[in-house]
Amino acid sequence: MHEKTSSVRVRFAPSPTGSLHVGGARTALYNLLFARREKGTFILRIEDTDVERSREELSAQILSAMEWLGLDYDEGPYHQSKRYDLYRAAAERLIAGGKAYRAFETPEELDTERKAAEASGRSYRYSGAGRRIPPEESERRARAGEKHVVRLAMPAEPIVVEDLIRGRIEFPADALDDFILVRSDGHPLYHFSVCVDDVDMRITHVIRGDDHLANTPKHVALFRALGSPVPRFAHLGMILGTDKKKLSKRHGAAAVEEWRDAGILPEALFNFLALLGWAPGDDREILARGEIEREFSLERVGASPSVFDPEKLLWMNAQYIAAMPGEELLERSAPYAPSAVPERETALKAIELHRTRARTTIEMGRALSVYADDPAAYDADGMKKQVKAETPGLLQRLAARYEALPAGEWTPERLEAALREVAGEAGVSAGKLIHPTRLALTGTTVGAPLFDVVALLGKETALRRIGKFLEAIAPRSPA
RNA sequence: GGCCCCAUCGUCUAGUGGUUAGGACACGGCUCUUUCAAGGCCGCGGCACGGGUUCGAGUCCCGUUGGGGCCA
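Just so we're on the same page, the numbering used here is the position in the first sequence counted from 1, plus 1.
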C-alpha cells in the first residue's frame, strides 16, 4: 500500500455504460498521480444509478482495464446503486433546511411553460413556483402521494469556481435554474448523487474532464447547501480524435482494452497518457512510472484539448520493447504468438534479433512463431521478385554447402562466408541467394539479418525449409 | 439560442515580457546495410487574426474567427 500522510482524497467515478475509454483512463491516471504525489487516497466509485444503461459486466470490464493499466485505487470500488439511502436522507435534510423544495408541476405543465418561453423568444427557466409553497402544504401534499420532484434552491449570486487548471471562472446567477435533485419516482439524479458521495467520501479535489466544467456551479451550490466544504476543482482538456472531434469509437481504438489487444504494453500507454496534457518541463518523454508519480503536478497540466495520436503511441511502445529485459519481453509477447513459440533459449535469441523491429507484442509474437513453425505460405510479391530461373539451382548448391558445414561452424560468420562462396562460384551477386533464402526460411522478404536467422534456426530446420521451398517453386511435373 | 472553456509546427508539447521560438511523433534526405527495422546526421514545418498595454509581446488585456462543452 501507499503511504498516506495527507488528507487529500480524490476519486475516479466512471459510469459502467461502456468499456474504459482512453479519456476516462487519462482522468483516472491524473487522479492517481495527484494522489500519489500528495500522499493522499485514490478512490474508485462506480456511478451505476442509471439502471437502464449500466451493466454489471461493463463494470467488471472497467475494473480489469484499470488493473491492466496499473490504475490501482486505495479505496472502493463503491457502487452508487447501493447507496440510495444516503441520497434519500440528504434530500430530506435539504428540504427540512429550506435548501431544496418539492415541486409539483407535471411534465406537461413544464412543457407548456417551456414552449411559451420559446415562443416569446426568452430562454426557458423553471419558474421557481415550488419555492413559494409553504413547508406544511408541501409536506401534506407529499404525504398524500402527490407526484413531485425535489429541486435545489439556487442562490441569487453568481458562482465563482477557482479551477486549479483554468483559474477563476464566474458563472452568472441567472444562467442556472433550480435543477432537479430527485425525480418523481424517487430516483436521485446524477449531479445530486455525485455531490452527496463526494461529501460522504470527503473528496478534497475533483479532477475530471472539461465536459463537467459547466456543471460545476451546480455542484458548488449543492456542496454549500449540504453545508460541506467545497472541494478544489481541476478540469482537464478533452481527448480528441485525429479529426479534432471528441474521441469515440468512430476513431478506431478508443478503449483501453483495444490497445491491450493490439499489443501495446500497459507501461507505454501509461506513459503516453500521462503526457497527454502534462509534461515534465524538460525534453524527457520516456518516463518510468516512478518518475511520473514523483514529478506530476496539476500546475503543469495544460488547459487545451489534445489529439490522441496512435502513431506516437506505437513509437513509444517500440521504445519500451527495445528497452525491456529479454526474459520479460518473451513472457509478455508469447501470449500474442499466432502459433507455437520456440523453446526458451531460441526464443530469447529471437527476441534480441527482433526487438528493434517490433512495435507491438503482437509483432514480436509473430516473429517468435517463425522460429517454431515452418512457413505456411510465402510472400507473393517476394516470390515474384526474388525467385528467378536460376534460383532453384543456386539454392540447391547452397543447401549442399550448408549440409557439408560441420556443426561447430554453424555460425553467422561461417554461414555468410559459405553463401558468398556459392554466389561467387556461380558468378552472381550475394543478393541473388540471400533474398530467396530469407523467403525460404521465414516466408517473407523482411526481417532480422539473414545469417543470424539461419544460425538460430539450426541446421536441420534451415535445410528442411530450403527443401520445402524448392518443392514449392519447382515447376509442376506432369503426372 | 443562452452560458462556459480552449487556441505555439499536421500531432504531442517546452516557453510564465527581451529566445536565431526548443524537443518528440509523423514526413523528406543522407548514413549504416543482404532485406526490413533500429540508430546517427541533416531538413521541412508553428505562435489563428485584429486592436490595445509596454521601450519591447508567443507570453498581459479586449475583440474577431475557429474548435469544443454544458443547459435548453
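Glycine included, each C-beta is placed from N, C-alpha and C at the ideal position.
Because the structure is a prediction, the values reported are computed rather than measured.
In the structure shown, Phe297 falls within a coil segment according to DSSP collapsed to helix, strand and coil. Listed in chain order, the alpha helix (DSSP H) elements of length 4 or more contained wholly in the segment 113-146 are 136-144.
For the set Ser194, Ser249, Pro339, Leu299, the Cα lying nearest the Cα of Arg233 is the one of Leu299. Under the DSSP assignment, Glu312 falls in the alpha helix (DSSP H) whose first and last residues are 311-324. One thing to note: Thr443 has its Cβ within 9 Å of the Cβ of Val454.
DSSP places Arg46 in the uninterrupted beta strand (DSSP E) bounded by 42-47.
Inclusion of Val11 and Phe43 in the CB contact set at 9 Å is warranted, their separation being smaller than that value. Here the alpha carbon of Asp201 sits roughly 11 Å from the alpha carbon of Arg84.
Taking C-beta atoms as the reference points, Leu153 and Ala222 count as a pair closer than 9 Å. DSSP places Glu328 within a helical segment (H, G or I) once states are collapsed to three.
Collapsing the DSSP output to three states places Ala66 in a helix.
Annotated three-state conformation of Asp453 is helix, per DSSP. Pro156 and Arg103 have their C-alpha atoms some 16 Å from each other.
Inclusion of Tyr403 and Ile467 in the CB contact set at 9 Å is warranted, their separation being smaller than that value. When Cβ pairs closer than 8 Å are counted between the two stretches, the segment 350-367 is seen to touch the segment 325-339, the count reaching three or more. Excluding five sequence positions before and after Arg358, the CB atoms of its chain that fall closer than 8 Å to its own CB belong to Glu364, Ala368, Gly448, Ala449, given in chain order. Phe193 places its beta carbon less than 9 Å from that of Ala92. Rounded to whole angstroms, the gap between the alpha carbons of Leu59 and Leu34 is 25 Å. Setting aside the 5 residues that flank it on each side, Gly327 is surrounded in the same chain by Leu349, Ile352, Glu353, each with a C-beta closer than 7 Å to its C-beta; the list follows chain order. In this structure, the beta-carbon distance from Gly303 to Gly238 falls below 9 Å. Look at the beta carbons and you see the segment 416-427 not touching the segment 372-381: under three pairs across the two are nearer than 8 Å.
In this structure, the straight-line span from the alpha carbon of Leu177 to that of Ile96 is close to 19 Å. Beta-bridge analysis with DSSP links Leu153 to Ala101.
Going by DSSP, Arg209 is part of the beta strand (DSSP E) stretching over 206-210.
When the beta-carbon positions are compared, Phe297 and Gly242 stay at least 9 Å from each other. For Val388, the CB contacts under 8 Å within the same chain, skipping 5 residues up- and downstream, are Pro437, Leu440, Ile474 in chain order. DSSP places Leu237 outside any alpha helix (DSSP H); the residue lies instead in the beta strand (DSSP E), whose first and last residues are 233-237. Thr107 is classed as exposed because its beta carbon has fewer than 16 other beta carbons within 10 Å across all chains shown. A check of alpha carbon separations from Arg27 across Ser128, Thr50, Met67, Pro407 identifies Met67 as the nearest. DSSP places Arg94 in the helix class (H, G or I) of the three-state scheme.
For a cut-off of 8 Å, the C-beta gap from Ala390 to Ser370 is around 32 Å, too long to register as a contact.
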